[in-house]
Amino acid sequence: MNEFSDHMPLFFELNFSTICQKRTNTTTRNYIKWETSKNDEYAQMLQPHRETLLSVVNDITLDVDIHNAVREITRIIYDSAFKVFGHSVSINKNIDRQNRPNNEWFDENCKNARKTFHVTRNFFLRHQTEANRSEYVIARNSYNKVKRKAQYNFKRKKGLELCSIAKTNPKKFWSTLKPKNKSKCVADNEAMFSYFENVLGMNPPELSDTVLDLLNNTYFDGVNIDLLDTDISEDEIIKALKRLKSGKSAGNDEIVGEMFSSCPSFFAPILKTLFNSIFAIGVYPENWTECLVIPVPKSGDLTSPINYRPIILVSILSKLFTSILTDRLLSWSQDENHIIDNQFGFQPGRSTVDAIFTLHGIISHTLKHKLKLYCGFVDFRRAFDKVDRRILIYKLLKSGVSSKFVSMVNSIYSSVRLRVRSGGVLSEAFDNHLGVKQGEPLSPLLFLFFINDIIQDISTDVNEDVISLNGILIYLILFADDTVLFGKTPTVLQHLFDKLLLYCNKWNIEVNADKTKVVVFRNGFRPVDTNFTMITRNCKLLIHMCTLVYYYITTESFYILKNV
Numbered sequence: 001m002n003e004f005s006d007h008m009p010l011f012f013e014l015n016f017s018t019i020c021q022k023r024t025n026t027t028t029r030n031y032i033k034w035e036t037s038k039n040d041e042y043a044q045m046l047q048p049h050r051e052t053l054l055s056v057v058n059d060i061t062l063d064v065d066i067h068n069a070v071r072e073i074t075r076i077i078y079d080s081a082f083k084v085f086g087h088s089v090s091i092n093k094n095i096d097r098q099n100r101p102n103n104e105w106f107d108e109n110c111k112n113a114r115k116t117f118h119v120t121r122n123f124f125l126r127h128q129t130e131a132n133r134s135e136y137v138i139a140r141n142s143y144n145k146v147k148r149k150a151q152y153n154f155k156r157k158k159g160l161e162l163c164s165i166a167k168t169n170p171k172k173f174w175s176t177l178k179p180k181n182k183s184k185c186v187a188d189n190e191a192m193f194s195y196f197e198n199v200l201g202m203n204p205p206e207l208s209d210t211v212l213d214l215l216n217n218t219y220f221d222g223v224n225i226d227l228l229d230t231d232i233s234e235d236e237i238i239k240a241l242k243r244l245k246s247g248k249s250a251g252n253d254e255i256v257g258e259m260f261s262s263c264p265s266f267f268a269p270i271l272k273t274l275f276n277s278i279f280a281i282g283v284y285p286e287n288w289t290e291c292l293v294i295p296v297p298k299s300g301d302l303t304s305p306i307n308y309r310p311i312i313l314v315s316i317l318s319k320l321f322t323s324i325l326t327d328r329l330l331s332w333s334q335d336e337n338h339i340i341d342n343q344f345g346f347q348p349g350r351s352t353v354d355a356i357f358t359l360h361g362i363i364s365h366t367l368k369h370k371l372k373l374y375c376g377f378v379d380f381r382r383a384f385d386k387v388d389r390r391i392l393i394y395k396l397l398k399s400g401v402s403s404k405f406v407s408m409v410n411s412i413y414s415s416v417r418l419r420v421r422s423g424g425v426l427s428e429a430f431d432n433h434l435g436v437k438q439g440e441p442l443s444p445l446l447f448l449f450f451i452n453d454i455i456q457d458i459s460t461d462v463n464e465d466v467i468s469l470n471g472i473l474i475y476l477i478l479f480a481d482d483t484v485l486f487g488k489t490p491t492v493l494q495h496l497f498d499k500l501l502l503y504c505n506k507w508n509i510e511v512n513a514d515k516t517k518v519v520v521f522r523n524g525f526r527p528v529d530t531n532f533t534m535i536t537r538n539c540k541l542l543i544h545m546c547t548l549v550y551y552y553i554t555t556e557s558f559y560i561l562k563n564v
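For the sequence shown, counting from 1, position 551 maps to 551 in full-length UniProt numbering; every step adds exactly one.
This is how it looks when you write it as structure tokens:
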């Protein structure tokens, strides 16, 4: 049935004596929406609290004072920011409203045309004459024409805007392209909490007797290094404040980076005293130990918690502190050449491009000499999340990091607690015992120290079949945990795999055999299929030798790719 049908609509009313009850199952959520234009107002709001904040940090003498000081500083900063930028919204938990889409292109002309269309249509339905029908058709066609024009103008305008920001503001460019309606968590909250507690709350595995002896015979023996141990300066704090990025999510304390970066001169002396007290006493504040886990949907059935990956949010204030520690550890490791040259990850002046260029050069060198190159691309299962913290502390000490610095790292990881936020509901806190903290500035560098001794354990004695450039044997390239082993024969590569497995079994690192592949680069005929294996503690893993890739990257195809 449409407007021109012979059938007529029937209008009627129903009156009820029942009084509608107002739904009361609502909750109020407070949040802060930062506006740069109000920075001065926020600074004025903080000013009366300056002496209070200085008094709080100057009175720190004991462990408990650190915990109380951080709580009080967090409270004052949040309350001051909320008075300027705070918003409250009521959320009805019983209603899942399907809001009408708000089309940005639907402008005032469209609204006026729609109003005219509805008026003429309703008038025609009540008085069906040829004149009214003609007016209705004209209004309908005009409305559709106005909508098409508005859509065209809107898309053209957005296209020009995207072109202008593609290079000048990549972050805004990609956020504009992302869909507005983000996927919401539809899995059951209790199932989500239970799943992530099982995944992230695992106890560390047992250590071998050999490793236990190493750990038990390693002590904090008073190693002092000025670069690592000296008091934190205001210049270091201001540098860290300037690096804070805008628009980042807050941790469990609801503090965002703009609260500090907008007033660096105000916070520098306060944070200097606070951070030096924390560093001197060696106690990590309780407020910073609790992190927030946000489940983010992956592909697949979103009713199953397994199809969500955890994003962990830590306190911004703690990130400021650890970013200063990161700068110091990085400067010291570079000055002393502590990170192996084979490592390209998280190193200033090095990138994936350098790693790819190096591997490409090795491939070219091998093919030029009419040889084959057998490469094993190794994937470690959840490498960052499964770092054994007991072993990490041991390796930091063995690397020569100062006792004071390692003691601070040990305090940071002595207690890590997580809460999962799903569907606006927070789970109970649970302990996290494994891995380096996700989102912490110090974590990538700590992982490099954790895996830094890999070159010593994998060093091979089959020298004649290992790649040699200017007398230097090269058989390993790393980008953080992404690892490639290579040799001129299958025997060498299998030998390297065996050495790698011994290393992994010793230090509780797990190889993901499903994602570990062997690729053969060659000039001529297809090589004989070879089985590569890794024998773990539990089973013998077969590694697949890739055939598709090395067929494509050969002879002319390879050199075409090289020149692209």
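Where a beta carbon is used, it is the ideal one built from N, C-alpha and C, also for glycine.
These numbers come from a predicted model, not from an experiment.
Taken in chain order, the unbroken stretches of beta strand (DSSP E) that lie wholly in the stretch 437-510 and span 3 residues or more are 467-469, 472-474, 476-479, 482-487. Nearest Cα to K147 within the set N112, L177, T176: N112. Following the DSSP letters along the chain, one finds R114 in no beta strand (DSSP E) but inside the alpha helix (DSSP H) bounded by residues 108-126. Contact between D253 and T74 is confirmed by a C-beta separation of about 5 Å, below the 8 Å threshold. Counting the other CB atoms within 10 Å of its CB gives G349 a total below 16, which places it among the exposed residues. Remark: C-beta atoms of D465 and K488 approach each other more closely than 8 Å. Taking C-beta atoms under 8 Å as the contact rule, I316 and A268 fail to qualify, at a distance of about 16 Å. Residue pairing of T326 in beta bridges, as defined by DSSP: absent, with no partner found. In the structure shown, K517 falls within a strand segment according to DSSP collapsed to helix, strand and coil. Residues of the same chain with a CB within less than 6 Å of the CB of A383, apart from the 5 flanking positions on each side, are D481 in chain order. The Cβ atoms of I391 and W288 lie no closer than 8 Å to each other.
With fewer than 16 other Cβ atoms from the protein chains shown falling within 10 Å of its own Cβ, A166 counts as exposed. In this structure, the beta-carbon distance from V256 to I76 does not fall below 8 Å. By the CB criterion at 8 Å, G300 and M408 fall outside the cutoff.
DSSP, read as helix, strand or coil, puts L371 in coil.
DSSP places I312 inside the beta strand (DSSP E), whose first and last residues are 308-313. Two segments are said to touch when three or more pairs of C-beta atoms, one from each, lie closer than 8 Å; by this definition the stretch 222-239 touches the stretch 397-416. By the Cβ test, the stretch 367-375 is in contact with the stretch 507-524, since at least three Cβ pairs between them sit closer than 8 Å. Straight-line measurement puts the Cα of D107 at about 10 Å from the Cα of F154. Taking R419 as the centre and dropping the five residues before and after it, the same chain places the C-beta of N252, E290, L292, V293, L426, S427, A429 closer than 7 Å to its C-beta, in chain order.
With fewer than 16 other Cβ atoms inside 10 Å of its own Cβ, D231 counts as exposed. When rounded, the separation of the alpha-carbon atoms in D209 and M202 is 21 Å.
Put simply, the stretch 350-364 touches the stretch 467-480. At least three CB pairs are less than 8 Å apart.
For V199, no beta strand (DSSP E) segment is defined; the enclosing uninterrupted segment is the alpha helix (DSSP H) at 189-200.
Just measuring C-alpha positions, the residue of N30, V64, F279 sitting nearest S411 is F279. Between V70 and P285, the alpha-carbon positions lie close to 7 Å from each other. Look at H49 here: in three-state DSSP terms it is helix. 8 Å or more divides the Cβ of G86 from the Cβ of N132. R419: member of the beta strand (DSSP E) spanning 417-422, first to last residue. About 12 Å separates the beta carbons of W332 and L396, which is beyond the 8 Å limit, so they are not a contact pair. Looking only at G439, H433, H118, I340, the smallest Cα-Cα distance to F449 is reached by I340. Assignment of L214 by DSSP, reduced to helix, strand and coil, places it in the helix class.
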